[in-house]
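Count the first sequence with my numbering and you get residues -1 to 514, in order.
Using N, Cα and C, we set each Cβ at its ideal position, and we do this for glycine too.
Just below is one structure, and these are the notes that go with it.
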Amino acid sequence: MSEVRVRIAPSPTGALHLGLVRTALYNWLFARQQGGRFILRIDDTDAQRNMSEVLQPILDGLRWLGLDWDEGPGVEGPNAPYFQSQRIDDHKAAVARLVASGHAYYDYATTEEIAAERLAAVANKEGVFRYSRRWMAETPADRVRFEAEGRKPVVRLKMPTTGALVIDDMVRGRVEFEWQREQDHVIQRADGTFLYHLASIVDDHAMGITHIIRAEEHLSNTPRQIFILQSLGVELPRFAHLPFVAEPGSRNKLSKRKIRVYMKNRDFSDLVARGNKVAATLNLETGPDTFSPVVVDFYRQTGFLPEAIVNYMALLGWALDDKTEHFTREDLVRAFSLERVNKSPASFDPGKLMAFEVRHMLALPVERRVELCLSFLKQAGLDAAPDKVAAIIAAAGDRIKVAGDVLDYVDFFTADDKLTRDAAAFAKEMGRPGTAVYLAKFRGVMASIVFEPAALEKSLQDFVAAEGIRGGQIIHVLRLAITGKTVGFGLYETMAILGRESVLARIDAALREAGI
RNA sequence: GGCCCCAUCGUCUAGCGGUUCAGGACAUCACUCUUUCAAGGUGAAGACAUGGGUUCGACUCCCAUUGGGGCCGCCA
């Protein structure tokens, strides 16, 4: 049994799309589990410009997710080069062999002539269009004759016209195609360049790929690739065609061009809102092509945990059993199998992704969470003390779902007299009879007590009892005074984190603001 | 239009002929707890697309229909 070798072969498009992430993940898991190699090849074309600009986000995204490749850009390996555009000698040799063995031919039809045949086929309701091979050059003499007419040749596959191809797909099982439905596909253009289906399968073979695990959209293209391999007299790899990652709440393929439609999904728009909040605080670029929940960079920039995304994406089309959901990367490597990959498309559910994010975040040691949050506070220009951040994280509980959420609490670090308050809520509370007096009085009490949650709670309760009021009459105004908000975590924890000095200063500022 | 693929709660799924009036998770709803917001606790609602077979028995096997998706390029 030879070593398992799998690959992903993205074309560089400037962003790492979730669909590619899922394909990459399944390839990676399969390779790691089988002790094989995971290869990254870039299916670029000569025409592509600004290579590093369009490639870098994909490389960065894969690395961030921990999907490290054993061969490919940046690590190289024995099958270099890992860019399709640099392997044209192989493609050229393959086409030459195909022509020599009679499995491909020079075709001198013009695009207009082909179009006319296709049109006629449609008019006759023939179903499949099959090229007549009228301008096929069968002998060198034909070539000379056609060229004398000023024609330029493409190279076409001479597809079989009888029989059927049976593919034993690792996720779909037996799939059958009749050869007569297949066309004489072009594999080399008139200008000498090669087409994707030729280049891709030739590269796969040259790189010793044993399992081609890719999206379902390639299933219909498999016969022509197998024909090429068979014609070359070469061993076939196994195929596994994965279902699509679909849109939220639908079976359509997830696309980065339909963000506006997805925004109708509440979980999706919540996700975007969360990202935008972080982006606004940090002045991040929020172009729809890069800062979108369909693209991995969005998650990195808003402070998601890569392990949460990996866990969630693994379950989008695969399940171990009826209850196991929480997986670490190691768990997945151990448990994954192509046999248990589902056949039907799985729609991306932003709400469930968030649930995995929270679970993984809570499972992290506090120091690690502090570290992550600290980096966001730093990006916001705050020189926060780790102790204080740790205290905030402890008090916040699962309110900090993604590391970027810590920016909701920048008020803990702003100057005491610079705090902005929810004016309407503050005015409403201060409007209640006696409130200002209670606030001022309790300020006096706090000047001399220990600033710990338990002690603070006791003194507030004593104060409430002594004054004969209900807790709510002082608690709400106090929260508004020291945080400026009506919502937040436990009041006593909040006060303890701020410390006596800040709390007193903020109450003073609040009283001043209220004109007292 | 031809071919290929797919079909269990809103979503992700378990189920590989009988132990399932279909189990779990996310979301939803109600109640509860409560100094706010979360969280927590308790509970509820919610699915085998349809029609034929096969079988003693079908969510599970077969066929058809319907619905969804994909591929049919001198795109990748």
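Which first and last residues belong to the alpha helix (DSSP H) in which residue 186 is found?
-> Residue 186 -> not in any alpha helix (DSSP H); beta strand (DSSP E) instead, spanning 184 to 186.
Between the region 56 to 67 and the region 159 to 176, do three or more beta carbon pairs fall short of 8 Å?
-> no
Return the CA-CA distance between residue 487 and residue 451, expressed in angstroms with no decimal places.
-> 12 Å
Alpha-carbon spacing of residue 311 relative to residue 155, whole angstroms = 38 Å
Selection from 353, 436, 404 and 114 that minimises the alpha carbon distance to residue 324 = 353
Own chain partners of residue 584 with C-beta closer than 8 Å, once the 5 adjacent residues on each side are dropped | Residue 584 is absent from the structure shown; the chain starts at -1 and stops at 514.
How many angstroms separate the CA atom of residue 64 from the CA atom of residue 304?
-> 8 Å
Spatially closest choice to residue 438 from 387, 370 and 510, by CA coordinates | 510
Would you call the region 91 to 107 and the region 41 to 56 touching, i.e. three or more CB-CB distances under 8 Å?
-> no
Specify, as a first and last residue, the run of the beta strand (DSSP E) that residue 80 falls within.
-> From DSSP, residue 80 is part of no beta strand (DSSP E); its letter is neither H nor E.
Identify the residues that DSSP records as bridge partners of residue 69: which are they?
-> 37
Which residues DSSP lists as bridging residue 134, in chain order | 105
Host beta strand (DSSP E) of residue 162 (start-end) | 162 to 167
8 Å Cβ cutoff met for residue 351 and residue 243 | no
Any 3 or more C-beta pairs closer than 8 Å across the region 207 to 219 and the region 140 to 150 | no
Identify which residue in 462, 470 and 502 has its Cα closest to the Cα of residue 479.
-> 502
Given a threshold of 16 other Cβ atoms within 10 Å of its Cβ, counted over all protein chains shown, does residue 403 qualify as buried or as exposed?
-> buried
Look at the alpha carbon of residue 367 and the alpha carbon of residue 401, and state the distance between them as a whole number of angstroms.
-> 8 Å
Where residue 468 falls, given that 16 or more other Cβ within 10 Å makes a residue buried | exposed
Closer than 8 Å by C-beta to residue 282: which residues in its own chain qualify, once you throw out the five before and the five after it? Chain order, please.
-> 276, 289 and 299
What residue from 181, 134, 262 and 204 has the CA that sits closest to residue 518's CA?
-> Examination of residue 518 is not possible in this model, given that the chain is present from -1 through 514 alone.
Assigned exposure category for residue 182 - 16 Cβ within 10 Å defines buried | buried
Are the beta-carbon atoms of residue 372 and residue 382 separated by less than 8 Å?
-> yes
Can you grab the Cα-Cα spacing for the pair residue 455 / residue 267, in whole Å?
-> 39 Å
So what does DSSP say about residue 19, is it helix, strand or coil?
-> helix
Range covered by the alpha helix (DSSP H) that runs through residue 147 | Careful: residue 147 lies outside any alpha helix (DSSP H) and carries neither H nor E.
Locate the beta strand (DSSP E) running through residue 211, then write down its first and last residues.
-> 209 to 213
Helix, strand or coil at residue 3 [DSSP, three-state] | strand
Can you give, in chain order, each stretch of the alpha helix (DSSP H) that sits fully within the region 306 to 350 and has at least 4 residues?
-> 327 to 333
Using the beta-carbon count (16 or more within 10 Å), is residue 405 buried or exposed?
-> buried
Would you tell me roughly how many angstroms separate the C-alpha atoms of residue 223 and residue 196, rounded to the nearest one?
-> 7 Å
Spatially closest choice to residue 22 from 463, 407, 355 and 308, by CA coordinates = 308
Collapsed DSSP secondary structure at residue 383 in the structure displayed = coil
Identity of the residues DSSP links to residue 240 by a beta bridge | 213
Contact check, residue 473 vs residue 489, beta carbons under 8 Å = yes
Assuming residue 186 contacts residue 232 under a Cβ cut-off of 8 Å, what Cβ separation, rounded to an integer in Å, is found between them?
-> Not a contact, Cβ separation roughly 19 Å.
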